[in-house]
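K.L.:
Before I ask anything, let me first share the structure, which is written out below as structure tokens.
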Amino acid sequence: MKVRLKLFSVARDLAGFHELEVELEQKARASSVLDVLVQRNPHFKDWKPSLRIAVNQEYVHADHALRDGDEVAIIPPVSGG
Amino acid sequence: MKVRLKLFSVARDLAGFHELEVELEQKARASSVLDVLVQRNPHFKDWKPSLRIAVNQEYVHADHALRDGDEVAIIPPVSGG
Amino acid sequence: MISLTLHPIDIGAAINQVITPTSGGLNVFIGTTRNHSFAREVKLLEYEAYEPMALHTIEQIEREAREKWPIYGVAIVHRLGRVPVGEASVVIAVSAAHRNEAFEACRFLIDTLKREVPIWKREHFVDGTSEWSGAKPAKKAKLS
Amino acid sequence: MISLTLHPIDIGAAINQVITPTSGGLNVFIGTTRNHSFAREVKLLEYEAYEPMALHTIEQIEREAREKWPIYGVAIVHRLGRVPVGEASVVIAVSAAHRNEAFEACRFLIDTLKREVPIWKREHFVDGTSEWSGAKPAKKAKLS
Chain X
1 MKVRLKLFSV ARDLAGFHEL EVELEQKARA SSVLDVLVQR NPHFKDWKPS LRIAVNQEYV
61 HADHALRDGD EVAIIPPVSG G
Chain A
82 MKVRLKLFSV ARDLAGFHEL EVELEQKARA SSVLDVLVQR NPHFKDWKPS LRIAVNQEYV
142 HADHALRDGD EVAIIPPVSG G
Chain U
163 MISLTLHPID IGAAINQVIT PTSGGLNVFI GTTRNHSFAR EVKLLEYEAY EPMALHTIEQ
223 IEREAREKWP IYGVAIVHRL GRVPVGEASV VIAVSAAHRN EAFEACRFLI DTLKREVPIW
283 KREHFVDGTS EWSGAKPAKK AKLS
Chain S
307 MISLTLHPID IGAAINQVIT PTSGGLNVFI GTTRNHSFAR EVKLLEYEAY EPMALHTIEQ
367 IEREAREKWP IYGVAIVHRL GRVPVGEASV VIAVSAAHRN EAFEACRFLI DTLKREVPIW
427 KREHFVDGTS EWSGAKPAKK AKLS
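Line by line, the protein sequences give chains X, A, U and S. Residue numbers are given in my numbering: position 14 of the first sequence equals residue 14, and the series is strictly consecutive. To convert, take the position in the second sequence, counting from 1, and add 81; that gives my numbering. To convert, take the position in the third sequence, counting from 1, and add 162; that gives my numbering. To convert, take the position in the fourth sequence, counting from 1, and add 306; that gives my numbering.
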């Protein structure tokens, strides 16, 4: 399946891109996109514990099952306000 | 001695005046002005427990010693804000 | 900035007064006239003050707040006279480096103002009657 | 009223939006850019958001606040892009019948916004450098 990956703030800087269409295996979980990012840049491994994942604009747990066409966002620690 | 008495809000309505120069005995206490008011209008007796007294614009206790020329204000329960 | 005014309060001006380059958070309390009081319809509120003592007491509570919290700017403006429904009777604005101090100091200031500052509110009801807010004698007085 | 804007926030408009004839108290929190961060001199802050999710998350926390407290009007405006020292990055205004609810709901809204809403702040320092606020990896990453 394909998901649309969106990165923000420090995650975008680390990855070097803001948006990317990613091909994942069937039965992929939210955490699968983090594995993809770690493969592309090993530094993501150190950030993993502080990154949250949102699917279709809702926070999800790492084991949330992804579906084809989902919008998956990597949310580094927020600092609005 | 003479003090300048000021009344506000419900105390003024009850007394029928806003300001009055009052002649008091030597060694008068802040509570003495309440006695004067009760003499003029017995209804003041029921209000006594909820009235505070300020001398020269500072809250004082009932036994505060007055001095000639003091400005003595009767402060009913406040309701600003 | 502490003031009593017979005119509508310029809320924006009070807020701008307290923003400093060192402040990161600002808390503002605004008291407005509402259209009811204990199920009775209110037309307007009318405030009177023992003015010099009110100013002096507000200065004291501002000083007290500054002793308790590291706050920067403080603006306290109270309106006197008639205040129609929907208009502000009091504005308190406090700035601090962080929001916690701004919130706590602002809350302290309005709570203390309402308890200590010699200002009184007369409620004018839609039915044409009016009375001093909360004015009840300790024992029930037979007011003529 | 919930909005994200690239322009200076009209604080007065946000406040006026939440005053209703039934409200007696209004609490407002305003976050402003301050000129230092951990002893470093700040020139400006730059905010970016995951905009649709930010709006959606702000709506959720407003709903949550309304479930917890009987509040009337709520305005939440967050500025994006560059915010110079002394200007507002966020304004939250809440009205209620009584001040306690207004204070508590406003505090809840800013605390929850800061924890949950996908908005990020980049600090631009006077020395010309810049960094994402509070961005540190769990283990120290060797960022090239």
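For every residue, glycine included, the Cβ atom is placed at its ideal position computed from N, Cα and C. Since the structure is predicted, the reported quantities are computational estimates derived from the model, not experimental observations.
Measuring straight from C-alpha to C-alpha, what distance separates U/S306 and A/D127?
P.N.:
Residue numbering aside, residue 306 of chain U sits at position 144 when the third sequence is read from its first letter. Residue numbering aside, residue 127 of chain A sits at position 46 when the second sequence is read from its first letter. Interpretation of U/S306 is limited by its pLDDT of 41, a score under 50 that renders its predicted location unreliable; the figure taken from the coordinates is listed afterwards. Spanning the two alpha carbons is a distance of roughly 14 Å.
K.L.:
By the DSSP assignment, the beta strand (DSSP E) with X/I53 in it spans what residues?
P.N.:
As a first step, residue 53 of chain X is located in the first sequence; it is residue number 53 there, counting from the start. From DSSP, the beta strand (DSSP E) with X/I53 extends over R52 to V55.
K.L.:
Put X/L7 into one of helix, strand or coil per three-state DSSP.
P.N.:
Position 7 of the first sequence holds residue 7 of chain X. Here X/L7 sits in strand by DSSP.
K.L.:
Given a threshold of 16 other Cβ atoms within 10 Å of its Cβ, counted over all protein chains shown, does U/K304 qualify as buried or as exposed?
P.N.:
The count along the third sequence starts at 1 and reaches residue 304 of chain U at position 142. Note that U/K304 scores 46 on pLDDT, short of 50, meaning its location in the model is unreliable and no value can be drawn from it.
K.L.:
Chain X partners of S/Y353, CB-CB under 8 Å?
P.N.:
For this step, residue 353 of chain S is matched to residue 47 along the fourth sequence. The answer, in chain order, is G80.
K.L.:
In the DSSP assignment, what are the bridge partners of U/F200?
P.N.:
For the purposes of this step, residue 200 of chain U is taken as the residue at position 38 of the third sequence. For U/F200, which the question treats as bridged, DSSP gives no partner whatsoever.
K.L.:
Going by C-alpha distance, which of S/E410, S/W438, S/F414 and S/G392 is nearest U/T182?
P.N.:
Counting from one through the third sequence, the residue named residue 182 of chain U turns up at place 20. Closest by alpha carbon: S/G392.
K.L.:
Measure the beta-carbon distance from S/G387 to S/E429 and round it to whole angstroms, keeping in mind my assumption that it falls under 8 Å.
P.N.:
The residue given as residue 387 of chain S occupies position 81 in the fourth sequence. The residue given as residue 429 of chain S occupies position 123 in the fourth sequence. At roughly 14 Å, the Cβ-Cβ gap does not stay under 8 Å, so S/G387 and S/E429 are not in contact.
K.L.:
Please report the distance separating the alpha-carbon of S/Q366 from that of U/T291.
P.N.:
Here residue 366 of chain S refers to the residue found at position 60 when the fourth sequence is read from its first residue. Here residue 291 of chain U refers to the residue found at position 129 when the third sequence is read from its first residue. Roughly 44 Å between the two C-alpha positions.
K.L.:
Is the number of C-beta pairs between the stretch 258-275 of chain U and the stretch 101-111 of chain A that are closer than 8 Å three or more?
P.N.:
Judged by Cβ distances under 8 Å, the stretch 258-275 of chain U makes no contact with the stretch 101-111 of chain A, as fewer than three pairs qualify.
K.L.:
In the DSSP assignment, find the beta strand (DSSP E) that holds S/G331 and state where it starts and stops.
P.N.:
For the purposes of this step, residue 331 of chain S is identified with residue 25 of the fourth sequence, where counting begins at 1. Looking at the DSSP string, the run of the beta strand (DSSP E) that includes S/G331 is G331 to T338.
K.L.:
Who are the Cβ neighbours of U/Y212 in its own chain at under 6 Å, not counting the five residues just before and after it?
P.N.:
Residue mapping note: residue 212 of chain U aligns to position 50 of the third sequence, counting from 1. P280.
K.L.:
Please classify U/E226: does DSSP put it in a helix, a strand, or coil?
P.N.:
For the purposes of this step, residue 226 of chain U is taken as residue 64 along the third sequence, with counting starting at 1. The answer is helix: DSSP assigns U/E226 an H, G or I state.
K.L.:
Considering only residues of the same chain and omitting the five flanking positions on each side of A/M82, which have a CB-CB separation below 6 Å?
P.N.:
Sequence index remark: in the second sequence, residue 82 of chain A carries index 1 (1-based). Around A/M82: L105 and D149.
K.L.:
Mark A/F98 as exposed unless 16 or more other C-beta atoms lie within 10 angstroms of its C-beta, in which case mark it buried.
P.N.:
Residue mapping note: residue 98 of chain A aligns to position 17 of the second sequence, counting from 1. By the 10 Å Cβ count, A/F98 comes out exposed.
K.L.:
State the beta-bridge partners of U/T167 as determined by DSSP.
P.N.:
Against the third sequence, residue 167 of chain U aligns to sequence position 5. In DSSP, U/T167 forms a bridge with U/R241.
K.L.:
List the residues of chain X that S/M359 touches, going by C-beta distances under 7 Å, in chain order.
P.N.:
Residue numbering aside, residue 359 of chain S sits at position 53 when the fourth sequence is read from its first letter. Under the 7 Å cutoff, chain X gives A54, Q57 and A73.
K.L.:
At a CB distance below 9 Å, what residues from the stretch 179-198 of chain U approach chain S? Give them in sequence order.
P.N.:
Going along the stretch 179-198 of chain U in chain order, one finds I181, T182, P183, T184, S185, G186, G187, L188, N189, V190, F191, I192, G193, T194, T195, R196, N197 and H198 with a Cβ nearer than 9 Å to chain S.
K.L.:
Taking C-alpha atoms, which residue in S/F414, S/N406 and S/A411 lies nearest to U/F270?
P.N.:
Mapped onto the third sequence, residue 270 of chain U falls at position 108. Comparing Cα positions, the closest option is S/N406.
K.L.:
Hey, X/A73 and X/K6 are a contact pair by Cβ (cut 8 Å); roughly how many whole angstroms apart?
P.N.:
Counting from one through the first sequence, the residue named residue 73 of chain X turns up at place 73. Counting from one through the first sequence, the residue named residue 6 of chain X turns up at place 6. That belief holds up - the Cβ atoms of X/A73 and X/K6 are roughly 4 Å apart, short of 8 Å.
K.L.:
Using CA atoms only, rank isn't needed, just tell me which of S/I398, S/K442 and S/K349 is closest to S/V389.
P.N.:
Sequence index remark: in the fourth sequence, residue 389 of chain S carries index 83 (1-based). Checked all of S/I398, S/K442 and S/K349; the closest Cα to S/V389 is S/K349.
K.L.:
Can you list, in chain order, the residues of its chain whose CB lies under 8 Å from that of A/Y140, leaving out five sequence neighbours each side?
P.N.:
The residue labelled residue 140 of chain A in the question sits at position 59 within the second sequence. Closer than 8 Å at Cβ, skipping near neighbours: R133, I134 and I156.
K.L.:
What in chain X is Cβ-close to S/L419, meaning under 8 Å?
P.N.:
Within the fourth sequence, numbered from 1, the residue matching residue 419 of chain S stands at position 113. The contacting residues are G80 and G81.
K.L.:
Report the option in U/G187, U/G174, U/N178 and U/D172 whose CA atom is closest to the CA atom of U/P232.
P.N.:
Here residue 232 of chain U corresponds to residue number 70 of the third sequence, with the count starting at 1. Ranking the options by Cα distance to U/P232, first place goes to U/G187.
K.L.:
Given this structure, state the Cα-to-Cα distance separating X/H43 from X/V10, to the nearest angstrom.
P.N.:
One-based indexing of the first sequence puts residue 43 of chain X at position 43. One-based indexing of the first sequence puts residue 10 of chain X at position 10. Rounded to whole angstroms, X/H43 to X/V10 spans 12 Å at the Cα level.
K.L.:
Can you give me the C-alpha to C-alpha distance between U/A237 and S/R340, rounded to a whole angstrom?
P.N.:
One-based indexing of the third sequence puts residue 237 of chain U at position 75. One-based indexing of the fourth sequence puts residue 340 of chain S at position 34. Cα-Cα distance, rounded: 19 Å.
K.L.:
Under 8 Å Cβ-Cβ, which residues of chain S neighbour U/A259?
P.N.:
Start at 1 with the first residue of the third sequence, and residue 259 of chain U comes out as number 97. Within 8 Å Cβ-Cβ: R340.
K.L.:
Exposed or buried, which one is S/F344 when buried takes at least 16 other CB atoms within 10 Å?
P.N.:
By one-based count along the fourth sequence, residue 344 of chain S stands at place 38. That one is exposed.
K.L.:
Under the DSSP definition of a beta bridge, which residues are partnered with U/L207?
P.N.:
As a position in the third sequence, residue 207 of chain U is number 45, starting the count at 1. In the DSSP output, where bridge partners are listed per residue, U/L207 has U/V245 and U/E285.
K.L.:
Drop a sphere of 10 angstroms on the beta-carbon of U/H260, count the other beta-carbons inside from all chains shown, and report buried for 16 or more, exposed for fewer.
P.N.:
Along the third sequence, one-based indexing puts residue 260 of chain U at 98. With fewer than 16 other Cβ atoms within 10 Å, it is exposed.
K.L.:
Shorter than 7 Å from the beta carbon of S/G392 to some beta carbon of chain U?
P.N.:
Your numbering for residue 392 of chain S matches position 86 in the fourth sequence. Chain U, which has a Cβ nearer than 7 Å to the Cβ of S/G392, makes this yes.
K.L.:
Quick one: is S/K374 near chain X, going by C-beta distance under 7 Å?
P.N.:
In the fourth sequence, counting from the first residue as 1, residue 374 of chain S sits at position 68. No, S/K374 lies away from the interface with chain X (no Cβ there is under 7 Å from its Cβ).
K.L.:
Quick one: is A/D127 near chain U, going by C-beta distance under 7 Å?
P.N.:
Along the second sequence, one-based indexing puts residue 127 of chain A at 46. Yes, its Cβ sits closer than 7 Å to a Cβ of chain U.
K.L.:
Name, please, each residue of chain S whose Cβ falls closer than 9 Å to the Cβ of X/V22.
P.N.:
The count along the first sequence starts at 1 and reaches residue 22 of chain X at position 22. None at all; the shortest Cβ gap to chain S is about 17 Å.
K.L.:
Taking Cβ positions only, does U/G290 come closer than 7 Å to chain S?
P.N.:
The residue given as residue 290 of chain U occupies position 128 in the third sequence. It does not; no Cβ of chain S falls within 7 Å.
K.L.:
Can you tell me which of the three DSSP states U/I181 falls into?
P.N.:
Taking the first residue of the third sequence as position 1, residue 181 of chain U is located at position 19. Coil, per DSSP.
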